[in-house]
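*Asks:*
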Amino acid sequence: MTQAYRAAVLHQSGAPLVIERVSMRSPGPNDVVVKIRAAGLCHTDLEVIDGSLRYPLPMILGHEASGVVEEVGSAVSGVHVGDHVVLSWNPHCGHCFYCDREQPILCESYLGEGPKGLHFDGQSKAKLATGGQLTHLMFLGAFAEYCVVPAQQAIVVSKDIAYDRSCLIGCGVMTGVGAALNVANIQYGDTVMVIGCGAVGLAAIQGAVMAGAGHIIAVDIDDVKLSLAEKLGATQCVNAGHDDPVQVARNASQGRGADVVLESAGHPVAFRQTTEAVRPGGQVIWLGKIDVTKDVNFRWGSLMGEKRLRRSSYGGTRPRRDFPLLANAYLNGRLKLDELITRRISLDEINEGFDLLRNGKSIRTVIEF
Numbered sequence: 000m001t002q003a004y005r006a007a008v009l010h011q012s013g014a015p016l017v018i019e020r021v022s023m024r025s026p027g028p029n030d031v032v033v034k035i036r037a038a039g040l041c042h043t044d045l046e047v048i049d050g051s052l053r054y055p056l057p058m059i060l061g062h063e064a065s066g067v068v069e070e071v072g073s074a075v076s077g078v079h080v081g082d083h084v085v086l087s088w089n090p091h092c093g094h095c096f097y098c099d100r101e102q103p104i105l106c107e108s109y110l111g112e113g114p115k116g117l118h119f120d121g122q123s124k125a126k127l128a129t130g131g132q133l134t135h136l137m138f139l140g141a142f143a144e145y146c147v148v149p150a151q152q153a154i155v156v157s158k159d160i161a162y163d164r165s166c167l168i169g170c171g172v173m174t175g176v177g178a179a180l181n182v183a184n185i186q187y188g189d190t191v192m193v194i195g196c197g198a199v200g201l202a203a204i205q206g207a208v209m210a211g212a213g214h215i216i217a218v219d220i221d222d223v224k225l226s227l228a229e230k231l232g233a234t235q236c237v238n239a240g241h242d243d244p245v246q247v248a249r250n251a252s253q254g255r256g257a258d259v260v261l262e263s264a265g266h267p268v269a270f271r272q273t274t275e276a277v278r279p280g281g282q283v284i285w286l287g288k289i290d291v292t293k294d295v296n297f298r299w300g301s302l303m304g305e306k307r308l309r310r311s312s313y314g315g316t317r318p319r320r321d322f323p324l325l326a327n328a329y330l331n332g333r334l335k336l337d338e339l340i341t342r343r344i345s346l347d348e349i350n351e352g353f354d355l356l357r358n359g360k361s362i363r364t365v366i367e368f
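Sequential numbering of the sequence shown, starting at 0, is according to numbering that gives the first Met the number 0.
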């Protein structure tokens with residue numbers, strides 16, 4: 000199947016996305032063609048638009064999406080036409096130095112091809128109407144009516160979960176829940192602090208609930224987000240504009256600090272607070288990020304005491320294991336996704352959606368196709 004379709008294309012950082020017709024290159028034998036049904040607007044997309052994350056342009060953005068399989072390559076097995084799928088942005092070769100050590104997020108092919116904006120086979124899968132090559136964000140480029148991906152990136156989930164909910168699993172929810180369940184070693188009854196209550200932080204709160212945390216402290220500067228955090232499982236909410244999260248963590252733990260601190264605010268102050276708020280021997284998991292060229296400063300003493308500091312990009316995910324589990328957790332009521340959706344929009348409204356995200360007025364805006 001080769002056809003023209005609509006996509007949101009970024010031609011220049013700092014400029015609006017342009018909705019235009021592009022055309023699909025012929026899928027390979029290991030590819031599947033997915034008709035995108037829903038896609039979430041994520042901060043990583045916004046970083047590319049605003050220029051703090053640099054990729055070759057023009058590019059189709061979008062990496063948090065779900066849809067239905069419309070075509071499969073001749074060598075594809077395990078994925079079939081008509082399957083409902085959530086897309087994963089972390090393809091991996093399975094045999095490099097890092098894959099052999101069960102660290103697919105560091106796959107040498109993944110890290111090598113990603114900055115080029117190409118697909119995992121080193122090719123572009125779409126072109127402009129004029130014939131010029133398009134690049135793809137994070138091996139996907141899902142702000143489009145169609146997406147061509149290797150079969151390993153199309154994870155089959157239950158058809159009972161709606162597309163606008165399942166798309167969230169592909170990035171923000173997986174990152175947050177996975178950080179709590181797969182990366183942090185949260186013990187039953189632990190005190191957990193989550194700094195930043197956007198989509199990732201709210202997912203991390205829910206992951207801490209699933210892990211059996213006894214006390215979950217949510218930190219943000221937005222009372223609306225804190226109210227939502229309480230509904231999703233936080234037992235204490237702290238507005239960092241009025242109260243000191245570090246002191247709150249110590250007050251809640253007989254002066255020790257939190258057992259686990261999960262950061263999803265993506266701010267230098269929040270990064271520093273994590274090391275001050277965690278107890279000696281405790282764990283800090285950084286999920287947020289800032290411009291890769293910027294420095295973050297820490298008080299050296301805050302790093303002492305056998306504290307364990309770790310950066311996590313995708314919540315330790317194994318997509319084929321975790322995506323169906325999270326979809327089922329939603330269906331049985333253990334994972335709340337409806338509450339994360341601030342607004343549903345059309346593809347034509349994508350720039351307005353990013354304005355909401357840029358101004359901190361949305362948790363997740365979802366494009367419905």
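Where a beta carbon is used, it is the ideal one built from N, C-alpha and C, also for glycine.
1. Report the three-state DSSP secondary structure of residue 229 (helix, strand or coil).
2. Output the boundary residues of the beta strand (DSSP E) element that contains residue 235.
3. With DSSP collapsed to three states, give me the class of residue 295.
4. Considering only residues of the same chain and omitting the five flanking positions on each side of residue 78, which have a CB-CB separation below 8 angstroms?
5. Taking contact to mean at least 3 C-beta pairs separated by less than 8 angstroms, is the segment 171–185 in contact with the segment 237–254?
6. Which of the three DSSP states is assigned to residue 6 in this structure?
7. Does residue 291 pass the burial test, meaning 16 or more other C-beta atoms within 10 Å, or should it be called exposed?
8. Measuring alpha carbon to alpha carbon, tell me which of 18, 146, 336, 272 ends up nearest residue 65.
9. If I measure Cβ to Cβ from residue 280 and keep anything under 6 angstroms in the same chain, skipping five residues before and after, which residues do I get?
10. When we look at the beta-carbon of residue 268 and count the other beta-carbons within 10 Å, is it buried (16 or more) or exposed?
11. Contact between the segment 12–28 and the segment 95–113: three or more CB pairs below 8 angstroms?
12. Anyone know if the C-beta pair for residue 371 and residue 138 falls short of 9 angstroms?
13. Run through the segment 93–141 for me and flag every whole beta strand (DSSP E) of 3 or more residues, listed as ranges in chain order.
14. Which of the three DSSP states is assigned to residue 357 in this structure?
15. Based on the DSSP output, what are the partners of residue 367 in its beta bridges?
16. Smallest Cα separation from residue 206: which of 82, 6, 35, 314?
17. Output the boundary residues of the beta strand (DSSP E) element that contains residue 256.
18. Going straight from the alpha carbon of residue 351 to that of residue 94, what length do you get?
19. Mind checking which residues open and close the alpha helix (DSSP H) that includes residue 202?
20. Assign residue 16 to one of three DSSP states: helix, strand, or coil.
21. Can you grab the Cα-Cα spacing for the pair residue 311 / residue 285, in whole Å?
22. Could you name the residues of the same chain whose beta carbon sits closer than 7 angstroms to that of residue 319, not counting the 5 residues immediately before and after it, in chain order?
23. Nearest-angstrom Cα distance between residue 89 and residue 200?
24. Is any heavy atom in the ligand NAP found nearer than 8 angstroms to the beta carbon of residue 311?
25. For residue 154, does the three-state DSSP call read helix, strand or coil?
26. Thinking residue 365 and residue 37 are a contact (beta carbons under 8 angstroms), I'd like their distance in whole angstroms, please.
*Replies:* Straight from the coordinates:
1. In this structure, DSSP gives residue 229 a helical state, which the three-state scheme calls helix.
2. 235–238
3. coil
4. Closer than 8 angstroms at the Cβ level, and outside the excluded window around residue 78, lie 31, 68, 71, 84, 150, 153, 155.
5. no
6. Residue 6: strand per DSSP, three-state reduction.
7. exposed
8. 146
9. If you ignore the 5 residues before and after residue 280, its C-beta comes within less than 6 angstroms of the C-beta of 305, all in its own chain and listed in chain order.
10. exposed
11. Touching, no.
12. The structure shown does not extend to residue 371, since the chain is modelled only from 0 to 368, so the question has no answer here.
13. Taking only runs of at least 3 residues, the beta strand (DSSP E) segments lying wholly in the segment 93–141 are 125–127.
14. helix
15. Residue 367 pairs with 37.
16. 314
17. Note, residue 256: premise wrong, no beta strand (DSSP E); not H, not E.
18. 42 angstroms
19. 198–210
20. It is coil, neither helix nor strand.
21. 6 angstroms
22. These residues qualify, in order along the chain: 154.
23. Rounded to the nearest angstrom, the gap between the Cα atoms of residue 89 and residue 200 is 20 angstroms.
24. This structure simply doesn't include the ligand NAP, nor any ligand for that matter.
25. Note: residue 154 maps to strand in three-state DSSP.
26. 6 angstroms
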